[in-house]
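Single-structure report; data block below.
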Amino acid sequence: MTSVKTLERDPHRRSLKQFGKLTPLAWAAIAVGVVAVVFAALNSSRGVEGTRIGRPEGSFVPARSELLGISNWYIYFEIGSLVMFFAVWGTAIVRSRRRGKPTPTLLMIAVTTSLTWLDPIMNWAPYAAYDPRMFHFNVDWFWINLAPTVEPWAVIIGYGYFFLLPAWFTLAVYRRIAARAPLGSWLVRRPKLAVLALAVPICIVWDGVMEAIFVQMGFYTYTQVIPWGSIFNGTPHQFPLIWEAALFGIMLSVAAPLMWVDDTGRTWSETVARRTRMFANRPYVGAFVIAWAVMSVVYVGYGLSFGLVRATGIATSTAQHWRYPETKVFDPQGYYQRNGEKGSFMIGTWAGWEIKR
Numbered sequence: 001m002t003s004v005k006t007l008e009r010d011p012h013r014r015s016l017k018q019f020g021k022l023t024p025l026a027w028a029a030i031a032v033g034v035v036a037v038v039f040a041a042l043n044s045s046r047g048v049e050g051t052r053i054g055r056p057e058g059s060f061v062p063a064r065s066e067l068l069g070i071s072n073w074y075i076y077f078e079i080g081s082l083v084m085f086f087a088v089w090g091t092a093i094v095r096s097r098r099r100g101k102p103t104p105t106l107l108m109i110a111v112t113t114s115l116t117w118l119d120p121i122m123n124w125a126p127y128a129a130y131d132p133r134m135f136h137f138n139v140d141w142f143w144i145n146l147a148p149t150v151e152p153w154a155v156i157i158g159y160g161y162f163f164l165l166p167a168w169f170t171l172a173v174y175r176r177i178a179a180r181a182p183l184g185s186w187l188v189r190r191p192k193l194a195v196l197a198l199a200v201p202i203c204i205v206w207d208g209v210m211e212a213i214f215v216q217m218g219f220y221t222y223t224q225v226i227p228w229g230s231i232f233n234g235t236p237h238q239f240p241l242i243w244e245a246a247l248f249g250i251m252l253s254v255a256a257p258l259m260w261v262d263d264t265g266r267t268w269s270e271t272v273a274r275r276t277r278m279f280a281n282r283p284y285v286g287a288f289v290i291a292w293a294v295m296s297v298v299y300v301g302y303g304l305s306f307g308l309v310r311a312t313g314i315a316t317s318t319a320q321h322w323r324y325p326e327t328k329v330f331d332p333q334g335y336y337q338r339n340g341e342k343g344s345f346m347i348g349t350w351a352g353w354e355i356k357r
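For what it's worth, our numbering labels the leading residue of the sequence shown as 1, then goes sequentially.
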């Protein structure tokens, strides 16, 4: 176990004054980021009229789905995401300044938020279509246009806490169990593996429950699912329970061990960063890069799994009726037409090559 004196002698440990002090290059990067966000926001909207995905005038308009008599749950989702964004980021930054180094929460929310650049293709692969009334990016922009309908800002804003909540719960449960375990037990000797083993079932249940609720509320729709292993098949709120909960739950579970802090006060990624020549003098940057790389690999694995589902054409159950009257029906493989849905239809981007069943 490392003593307090050893930590104080650590040449890499930054003081409170050093941590958070921004260089001119960092300020320039922040300025560029702010300009990019403002530009993207000014080119965003809540409507899709006249766009490539907008429903043409005179075509059939399906009824909007409701839950508990409410059809605009997305507004509450956006407000909640915004509140959580400022609460979590603000708290994490303040605690990091007091600690003199980034907290595991700040590290993980930065990592998971940065992963949202992959979200368009991660919606493309599992046929996840968002409510077009949500404040969203320009639907015609490159990469953004991979999303079946729109790419909402709320995804970027709220992505981090969807990972953090089950991770916090997992770590709290582990600490309680480990406190009662024998000192020589596997649970105590291999804390990161133990946390991961505990996180997997917790995150699978978390994702399954939360996503099923989100789909019921209409934030987004899995327009096509594999009939086996899914629930509410053929309805607007169908959900690939086994497939999505298992695959995305496994991804969520990686966050908890990455947030685990050892007896030296370091996360695993920071420990690895300090051992590398590249990040020896920038351990916190290295901790972010390493954690980001690990999460990215797992995320890409999730996307490839659903990409295989899409390529093979086995997701034949369609969410009917189509629940978004503002847009055309997203039907890349013609299953909606085959199942009797009324148009108009669109195949989206990177479509038409998939196998049809």
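Even glycine gets a Cβ: it sits at the ideal position worked out from N, Cα and C.
Remark: fewer than three beta-carbon pairs, one from each stretch, lie closer than 8 Å, so the segment 92-104 and the segment 187-206 are not flagged as touching.
Here the alpha carbons of Met-251 and Val-298 stand approximately 6 Å from one another. Beyond the five residues adjoining it in sequence on each side, Ile-109 comes within less than 7 Å, by CB distance, of Val-88, Trp-89, Ala-92, Gly-160, Leu-164 in the same chain, given in chain order. Gln-238 is positioned such that its CB atom lies closer than 9 Å to that of Ile-231.
By the neighbour-count definition (other C-beta atoms within 10 Å, threshold 16), Pro-182 is an exposed residue. Excluding the 5 residues flanking it on each side, Thr-349 has same chain C-beta neighbours closer than 6 Å at Asn-145, Leu-146, in chain order. In this structure, the alpha-carbon of Gly-58 lies about 57 Å from that of Thr-23. Per the Cβ contact rule, the segment 109-120 is not in contact with the segment 320-338 (fewer than 3 Cβ pairs under 8 Å).
The alpha-carbon of Thr-264 is positioned some 18 Å away from that of Arg-95. Within the segment 153-183, complete alpha helix (DSSP H) segments of at least 4 residues are found at 153-180, given in chain order. Each residue's CA atom was taken as its position, placing Val-294 and Ala-63 some 43 Å apart. DSSP places Ala-128 inside the beta strand (DSSP E), whose first and last residues are 128-130.
Collapsing the DSSP output to three states places Leu-68 in coil.
Arg-310 counts as buried, since no fewer than 16 other beta carbons sit within 10 angstroms of its beta carbon. Around the CB of Met-122, 16 or more other CB atoms lie within 10 Å, so the residue is classed as buried.
Three or more beta-carbon pairs separated by less than 8 Å link the segment 129-144 to the segment 213-229, which places the two stretches in contact.
Rounded to the nearest whole angstrom, the C-alpha separation of Ile-53 and Tyr-302 is 26 Å.
By the neighbour-count criterion, in which 16 or more other beta carbons inside 10 Å mark a residue as buried, Gly-50 falls on the exposed side. CA-CA distance, Gly-334 to Val-254, rounds to 36 Å.
Under a 10 Å Cβ-count criterion, Met-278 is classified as exposed, with fewer than 16 other Cβ atoms of the shown protein chains found around its own Cβ.
For Tyr-76, no beta strand (DSSP E) encloses it; the enclosing alpha helix (DSSP H) starts and ends at 73-99. When the Cα atoms are used, Gly-100 and Asn-281 turn out to be separated by approximately 16 Å.
Contact annotation, Phe-137 with Glu-151: C-beta distance approximately 5 Å; criterion of less than 8 Å satisfied.
One Cα belongs to Phe-288, the other to Ala-256, and the distance between them is close to 15 Å. For Tyr-302, the enclosing alpha helix (DSSP H) covers residues 283-312.
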